[in-house]
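Everything below concerns the one structure shown next.
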Amino acid sequence: MMRNPRLRIYRSGFRSDLFAPPYLPRNPPQFRCQFARYSHDSSVYADPVPSPDDSIFVALSGGVDSSFVAHLLANKYTNVTGVYMANWTQPRTPRHEIKRPISHRISKNPERLRRYLEEEEQRNKESMEIGVSCTETEWNDVCGVCQDLKIPAIRINLEKEYWTEVFQPMIDRYSIGRTPNPDVDCNRYIKFGKLYDLIENIANQQGASKWWLATGHYARTAIHKETGRTHLLKPKDQTKDQTFYLATVLRSRLHNVLFPMHQYTKKEVRELAINMKIRTAYKPDSQGLCFVQPTVSAKAAEQAFREGRKISSSTSGYRHFRDFLSEYIPEKEGNIVTYKGVVVGKHPGLWSATIGQRNGITTGKIKHHEEDGPWYVIEKRQETNEIVIAPGRNNRWLLSSAMTCTEWSWLVDDEKISEVYELAKHGELTVRCRPLQNPMITIKQIEDLGNGNIRLEFIGSAHGIALDQYGVLYYRDIVLGGGRTESIELAYRENLQPVETEQEPHSGVA
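Mapped onto our numbering, the consecutive letters of the sequence shown carry residue numbers 49 to 558.
Dropping the structure here:
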């Protein structure tokens, strides 16, 4: 078995007082930065604990995680309120109204086509039995949970704010070929932005001496005992780690935030929710964006469980994200070209592909190329409206040596940022460019470019970074900050030199 040359072992004599032991011991042992896992030590961090008279507002989505949080807090504190934010009120689109292309291989095979159409008809029947609109289904479940707990429920409409701050910017960025993450923006501008401000006003009107916003995120806010600062840390269940989505939240807002889910695994939550008879216990996990995968009501989810049926994305009104985007972004057809410039097909718009995505051209030779497929997207050219592809998932055009991030938001105090830069020089920081990316990318150096822009240089290379993806910086379990990817630097600086421009047919599409 070959060793990965990127998995280097580092020994550092540098010591920072940014975070006390065990996160950086005086004589640190050798360790692999990419796979390091460190437990939370109670001697260093303490969980925030509300006082009995504090006002606690639980952001409820109608899912099992937030419902579980509400049960935990309502059984311990007396002043708990459920809050539901309505961000999207567009009714669910039935599957039969969605135009889904039938692949060439299915259309040419009568038996496969017959089975495909029968399956589609069955899915359409099932999808029409579930839910009304996403918002109303969720709100009904939130009201049910609050009624069970005998706590008040508040519904706050943030549809306009969501459209302005999250949805429209997402559409604008996709239309020029970028890859934004609306979940990150929603947390920064809506949940811990507009909603946070409204809850603060409500708490002040109630005369609350102290108030908290609790959510069902798998993350941890903890108070550093030595400094009294609140830090954002990874949770116990790192397979559900959601700190990536929280990295750009204003650090001043973490002082009033509770993440009780940090001490549980998803499996434990599901089992406890069933034992506690929480009405949303059987609901499937949310996929984040309601307008792509509408929610299933708690009643329908439990009924499906009792009958031994699995509620999949196909029976819950799921829409492929690409189908959804096509409803909001006008089609702008362009060429798909190889890294040598050979035209091999057409695309409906730059938004239809992602950097590192398998293009679908899998067989046959292409002129001026000796390689077979599969081929992967390596570049999207806004000036010429071209999508560029190259063979092999790990081809050199997908490897980056550095990235520049804009709109960078630090979660550490300003006076400690210089120490973060020193940690980077000793190979002790990592960055994620995707939510659960593992192994993470080890940082070699951080350069402050001013105006909220920083450059992150990697040890080794990173694969498939797309513009507008977020880069989130970690010091082991601690989240240091994050920003939007503005540019990347290729690890191999070979220019793409076009040699052909004529259409070149290919023999197979996946």
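Built from N, CA and C at the ideal position, the CB exists for glycine as well.
Because the structure is a prediction, the values reported are computed rather than measured.
Considering only Leu504, Val436 and Tyr312, the residue with the shortest C-alpha distance to Gly225 is Val436.
Look at Ser300 here: in three-state DSSP terms it is helix.
Following the DSSP letters along the chain, one finds Glu186 inside the alpha helix (DSSP H) bounded by residues Cys182 to Leu197. With contact defined as three or more Cβ pairs closer than 8 Å, the region 438 to 445 and the region 529 to 537 are not in contact. Taking a 10 Å sphere around the C-beta of Glu186, we find 16 or more other C-beta atoms and assign the residue as buried. Leaving aside the five residues that flank Tyr132 on each side, the residues in its chain whose CB is nearer than 6 Å to its CB run, in chain order, Leu108, Trp187, Val190 and Arg203.
Phe215 and Thr137 have their C-alpha atoms some 13 Å from each other. The Cβ-Cβ distance between Asp516 and Lys282 does not fall below 8 Å. Phe506 sits in a strand when the DSSP states are folded into three classes. Inter-residue distance for Gln195 and Gly241 is about 27 Å (C-alpha atoms, whole angstroms). In this structure the region 485 to 493 does not lie against the region 260 to 275, because fewer than three pairs of beta carbons, one per stretch, are closer than 8 Å.
A distance of 8 Å or more separates the beta carbons of Asn135 and Tyr237. Linking Tyr222 to Gly393 through their CA atoms gives a straight-line distance of about 21 Å. Ile247 carries a helical assignment under DSSP once its states are collapsed to helix, strand and coil.
Collapsing the DSSP output to three states places Ser374 in a helix. The criterion of a C-beta distance shorter than 8 Å is not satisfied by Pro487 and Phe292. Using a 10 angstroms sphere on the CB of Ser400, the tally of other CB atoms reaches 16 or more, which defines it as buried. Annotated three-state conformation of Leu471 is helix, per DSSP.
Note on Asp101: under 16 other CB atoms within 10 angstroms of its CB, so exposed under the neighbour-count rule. The secondary-structure analysis by DSSP pairs Pro439 across a beta bridge with Trp423. For Leu398, the closest of Ser334, Ala514 and Asn304 by C-alpha to C-alpha distance is Ala514. C-alpha of Ile384 to C-alpha of Glu427: approximately 10 Å in a straight line.
For Asn135, there is no enclosing beta strand (DSSP E), since its DSSP letter is neither H nor E. Annotation: Ala450 is outside any alpha helix (DSSP H); the continuous beta strand (DSSP E) that includes it extends over Leu447 to Trp458.
Annotation: the continuous beta strand (DSSP E) that includes Glu537 extends over Ile526 to Leu538. Taking Leu538 as the centre and dropping the five residues before and after it, the same chain places the C-beta of Arg444, Trp445, Leu447, Ser448 and Ser449 closer than 8 Å to its C-beta, in chain order. Under the Cβ criterion (8 Å, minimum of three pairs), the region 310 to 320 does not count as touching the region 272 to 280.
Membership of Ser400 in any beta strand (DSSP E) is not indicated, and neither H nor E is assigned to it by DSSP. The C-alpha of Tyr125 lies about 58 Å from the C-alpha of Arg162. Across the set Cys453, Cys234, Trp259 and Ile326, the C-alpha of Ile326 shows the shortest separation from the C-alpha of Ala118.
Distance from the CA atom of Ala94 to the CA atom of Ala270, rounded to whole angstroms, is 6 Å.
DSSP places Val112 in the uninterrupted alpha helix (DSSP H) bounded by Val112 to Ala122.
For the set Asp113, Phe105, Val112 and Lys208, the Cα lying nearest the Cα of Ala122 is the one of Phe105.
A Cβ-Cβ distance of about 7 Å is found for the pair His511 and Gly404, placing them in contact under the 8 Å criterion. A Cβ-Cβ separation of about 17 Å leaves Val128 out of contact with Thr328 under the 8 Å criterion.
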